[in-house]
Amino acid sequence: MQKNLVIVESPAKAKTIGKFLGKNYKVKASVGHIRDLPKSTLGIDIENDFEPKYITIRGKGPVIKELKSEAKKSDKIYLATDPDREGEAISWHLAHILGLEEEKPVRIEFNEITKDAVSEAIENPRPINRDLVDAQQARRVLDRLVGYKISPLLWRKIRRGLSAGRVQSVAVKLVCDREKEIEDFIPEEYWSIKGIFEKNKRKFEADFYGEMKGNKEIKIDLKSEKDVKKVIKDLDKGKYHVHEVKKGTKRRNPYPPYTTSTLQQDASKRLRFSAKKTMAIAQQLYEGIDIKREGTVGLITYIRTDSTRISQEAMDTASDFIIRNYGKEYSVKRKNIKKKKSSDTQDAHEAIRATSVNRKPEDIKNSLTPDQYKLYKLIWERFIASQMSVAIYETLSIKILSGKYIFRASGSKLKFDGFMKVYSVLGKDNTIGMPTLKKGEEIKLQKLKPNQHFTQPPARYTEASLIKTLEELGIGRPSTYSPTISTILNREYVVIENRSFEPTELGLLVTELLEEYFKNIINEEFTANMEEDLDRVADGKSPWKKVIKDFYSEFHKVLEVAEEEIEKIEIKDEETDVICEKCGRNMVVKYGRYGKFLACPGYPECKNTKPFLEELGVDCPRCGGKIVERRTKKGRRFYGCSNYPKCNFMSWDEPISEKCPKCEDILVKRKNKNSAIIKCMNKSCDYKKVEKNNK
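Going by the UniProt record's numbering, the letters in the sequence shown line up with residues 1 to 695, in that order.
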């Protein structure tokens, strides 16, 4: 009997595949990479055309020994690492270690870990794709050159442990740039007027737009209360009649199936999963879950992809499923749409989808953890919805005239839910809430409501919006988003406040230094262009060492200037009046992953730390102590008493100094994007008011 060896990266993947293949197949895991550049040195021979010096990763000796032993006993060896550049590189390293000829058909790949997909891959082995390997080598060498040449400079000039990188430094720069925009933002006043109208005892609202000049509608910007008073003075004199009634339909197209980026964004918005958590759970679903009465099977396709493409077989299966379960009117034939800027290599993958549409989330819920179920349900629904018909709305728009001034009102009503039967759309759609109106008829004005507003600064980046921006700018690739975010958090360049990124003092300082001396390298355009260069390498259109050489010729000059000109920068810690109870020194403010904390300046002799308690100027209602801001272990902000644990008062909402006008209890504030809700902490008191955020 012929003996065959199949090598994959992870033990979980090996376990799943092992159940699909017969007794003459043995499946082993390399447990990730087996060779890499050394950690202690640069590992790149710059003088010898940037040749990388790979070494066996420490601790991989026993794994390699076992793989070599199994290889000797096998008639055929199949390298079944992941179907991307990194997976191709791992197969290339395995071929080197095992003495395999990379030009021979030793490489197999599959987009999903199912019996049919694995069996088909075994029947169609191919040589190792050296272009993909070279693209991955180029990325690794580039990142090593940037990281190992700039990071020591930061260590000497600022402090040890800092790092720089092509993608991570640009991500921090985006966060810092946004913070500067917010700080520099000057609110501008503007006003709006809302008209409350009535017809047959039914009230409805319309917004002031501007004036009619002939047949043209000219928008009027109300910049001050004076502008508003002038318009209202004229409006009070006039009568109101319906100038136009327009009915129509609006089509809402389904979203395409998930890419890595859109999955991370949607999981953040809908499930509140971090990118790291999303990818960890997705990896489990991809590698295989033990499903009751079915066995271990991969539930979703490969999770690192730029493509929205779906195989024809998957589209046909989805169409049959939709017709059977929802009706013919919900099914529509779709064409694959290729991403405009994606390389041919990247688009070879499919989107992220369920491996079987017939494996409904509810049917396998008992085999999944709660988080696995949530993510699988999201992926399954998005895929099914992407193959369904459009949603159709009835729309109604009304224009109301009073003299030369015009008001507008509009609404929509869902007529046919289409894809929304499966996949809910975030945000509420307007509903038609207006009475039946005819052109030319008069209507009664109940009142005019002028409202003052101020323009708002741009919002800070959330995980979802940062990933979206990185993708739109062409920075990084699907596999880089999650580790990039983890890195900038771990390096303490940014912290998360209210689910948004804020730069630390350290992040601002490092970014400022990098921008001054490495402006042409650590920027959005350069990083995006470099990704395109790497795509050309992957497509066999450019030699990888030429890409490195072109980069290094400029980088080396800049590095030499930076070494000479940058002076030693000292970050002085903010000293407080809090005394370290262990050694008597004044404790200083440090920045950690979740914000500020107090530390003894005597480190490493004294390692005392404690939470940074920021007082709100509000007395505790229970014991008279001071209310302070605290953090949970996961970094969530809450408010408690400074006398804890003697006093266990706590609130998720921010206590304020005002007392409740009804019961004299403490008031708390919960901030939203454009307003703040102030309410009483006394559960039996119903006092509540809303404050607009005008500044």
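All C-beta atoms, glycine included, are put in the ideal place defined by N, C-alpha and C. The structure presented is a predicted model; accordingly, all values stated were derived computationally and were not measured.
| Which one of 159, 306, 267 has the shortest CA to CA distance from residue 472? | On the sequence shown, position 472 is the one that residue 472 refers to. For the residues 159, 306, 267, the minimum Cα distance to residue 472 belongs to 306.
| query | Is DSSP giving residue 413 helix, strand or coil here? | reply | Within the sequence shown, residue 413 is the residue found at index 413, counting from 1. Strand, per DSSP.
| request: Return the CA-CA distance between residue 514 and residue 152, expressed in angstroms with no decimal places. | output: For the purposes of this step, residue 514 is taken as residue 514 along the sequence shown, with counting starting at 1. For the purposes of this step, residue 152 is taken as residue 152 along the sequence shown, with counting starting at 1. Rounded to the nearest angstrom, the two C-alpha atoms are 13 Å apart.
| message | I'd like the span of the alpha helix (DSSP H) that includes residue 511, first residue to last. | response | Along the sequence shown, one-based indexing puts residue 511 at 511. Unbroken alpha helix (DSSP H) run through residue 511: 505 to 517.
| For residue 451, the residue or residues it bridges with in DSSP | Your numbering for residue 451 matches position 451 in the sequence shown. For residue 451, which the question treats as bridged, DSSP gives the partners 192.
| said: Which residues does DSSP list as the beta-bridge partners of residue 363? | reply: Counted from its first residue, the sequence shown places residue 363 at position 363. Answer by DSSP bridge pairing: none, since residue 363 is not bridged.
| For residue 243, which three-state DSSP category applies? | On the sequence shown, residue 243 is found 243 positions in, with the first residue counted as 1. Reduced to three states, the DSSP call for residue 243 is strand.
| Euclidean distance between Cα positions of residue 345 and residue 185 | Sequence index remark: in the sequence shown, residue 345 carries index 345 (1-based). Sequence index remark: in the sequence shown, residue 185 carries index 185 (1-based). Reliability of the predicted coordinates at residue 345 is poor, the pLDDT of 42 falling under 50, and no value is obtained from them.
| field | N- and C-terminal bounds of the alpha helix (DSSP H) containing residue 120 | value | Locating residue 120 in the sequence shown gives position 120, counting from the first residue. Element bounds for residue 120: 115 to 123.
| request: Please go through the same chain and pick out, in chain order, the residues whose beta-carbon is closer than 7 Å to the beta-carbon of residue 235, but skip the five residues on each side of it. | output: Counted from its first residue, the sequence shown places residue 235 at position 235. 402, 405, 448, listed in sequence order.
| Counted within 10 angstroms of its Cβ, other Cβ atoms place residue 638 as buried (16 or more) or exposed | For the purposes of this step, residue 638 is taken as residue 638 along the sequence shown, with counting starting at 1. With fewer than 16 Cβ atoms within 10 Å of its Cβ, residue 638 is classed as exposed.
| Touching or not, the segment 277 to 294 and the segment 374 to 392, by the rule of three or more beta carbon pairs under 8 Å? | yes
| query | Quick one, are the C-beta atoms of residue 211 and residue 195 less than 8 Å apart? | reply | For this step, residue 211 is matched to residue 211 along the sequence shown. For this step, residue 195 is matched to residue 195 along the sequence shown. Contact: no.
| query | Closest by CA to residue 670, which one among 99, 176, 653, 243? | reply | On the sequence shown, residue 670 is found 670 positions in, with the first residue counted as 1. The shortest Cα separation from residue 670 among 99, 176, 653, 243 belongs to 653.
| request: Return the residue from the list 79, 156, 84 that minimises the CA-CA distance to residue 91. | output: Within the sequence shown, residue 91 is the residue found at index 91, counting from 1. The shortest C-alpha separation from residue 91 is found at 79.
| field | Contact under 8 Å by Cβ, residue 383 with residue 354 | value | As a position in the sequence shown, residue 383 is number 383, starting the count at 1. As a position in the sequence shown, residue 354 is number 354, starting the count at 1. Taking 8 Å as the Cβ cut-off, residue 383 and residue 354 qualify as a contacting pair.
| task | Could you pull out every residue in the same chain whose Cβ sits closer than 7 Å to the Cβ of residue 524, ignoring the five residues on either side in sequence? | result | By one-based count along the sequence shown, residue 524 stands at place 524. Cβ neighbours of residue 524 beyond the five flanking positions: 170, 473, 475.
| query | Which value, in whole angstroms, describes the spacing of the CA atoms of residue 381 and residue 626? | reply | The count along the sequence shown starts at 1 and reaches residue 381 at position 381. The count along the sequence shown starts at 1 and reaches residue 626 at position 626. About 49 Å.
| said: For residue 107 and residue 126, I'd like the C-alpha separation in whole angstroms. | reply: Counting from one through the sequence shown, the residue named residue 107 turns up at place 107. Counting from one through the sequence shown, the residue named residue 126 turns up at place 126. Their backbone Cα atoms lie some 5 Å apart in a straight line.
| In three-state terms, what does DSSP make of residue 484? | By 1-based counting over the sequence shown, the position of residue 484 is 484. If DSSP states are grouped into helix, strand and coil, residue 484 belongs with the helices.
| said: Using the three-state DSSP reduction, which class does residue 9 fall into: helix, strand or coil? | reply: Sequence index remark: in the sequence shown, residue 9 carries index 9 (1-based). In the structure shown, residue 9 sits in coil (DSSP, three-state: anything other than H, G, I, E or B).
| message | Given a cut-off of 8 Å on the beta-carbon distance, is the pair residue 420 and residue 398 in contact? | response | For the purposes of this step, residue 420 is identified with residue 420 of the sequence shown, where counting begins at 1. For the purposes of this step, residue 398 is identified with residue 398 of the sequence shown, where counting begins at 1. Judged by their CB atoms, residue 420 and residue 398 are not nearer to each other than the 8 Å cut-off.
| request: Indicate the three-state DSSP secondary structure (helix, strand or coil) for residue 640 in the structure shown. | output: Working through the sequence shown from its first residue, we reach residue 640 at position 640. Here residue 640 sits in strand by DSSP.
| Would you say the segment 247 to 255 touches the segment 385 to 394, given that touching needs at least three Cβ pairs under 8 Å? | Output reads yes: the segment 385 to 394 touches the segment 247 to 255.
| task | Would you decide whether residue 6 is buried or exposed? Buried here means 16 or more other CB atoms lie within 10 Å of its CB. | result | By 1-based counting over the sequence shown, the position of residue 6 is 6. When all chains shown are included, residue 6 counts as buried.
| task | Spell out the partners DSSP gives residue 388 in its beta bridges. | result | The count along the sequence shown starts at 1 and reaches residue 388 at position 388. Beta-bridge pairing links residue 388 to 331.
| query | What do you get for residue 544, buried or exposed, if any count of 16 or more other CB atoms within 10 angstroms of its CB means buried? | reply | Locating residue 544 in the sequence shown gives position 544, counting from the first residue. With 16 or more Cβ atoms within 10 Å of its Cβ, residue 544 is classed as buried.
| field | For residue 227, three-class secondary structure by DSSP | value | Here residue 227 refers to the residue found at position 227 of the sequence shown. Note: residue 227 maps to helix in three-state DSSP.
| task | Express the C-alpha separation of residue 423 and residue 77 in angstroms, rounding to a whole number. | result | Taking the first residue of the sequence shown as 1, we reach residue 77 at position 77. Taking the first residue of the sequence shown as 1, we reach residue 423 at position 423. The alpha-carbon atoms of residue 77 and residue 423 are separated by roughly 43 Å.
| If we count the other Cβ atoms within 10 Å of its Cβ and call it buried at 16 or more, is residue 600 buried or exposed? | Along the sequence shown, one-based indexing puts residue 600 at 600. Buried: at least 16 other Cβ atoms inside 10 Å.
| field | Touching by the beta-carbon criterion (3+ pairs, under 8 Å), the segment 81 to 101 and the segment 60 to 72 | value | yes
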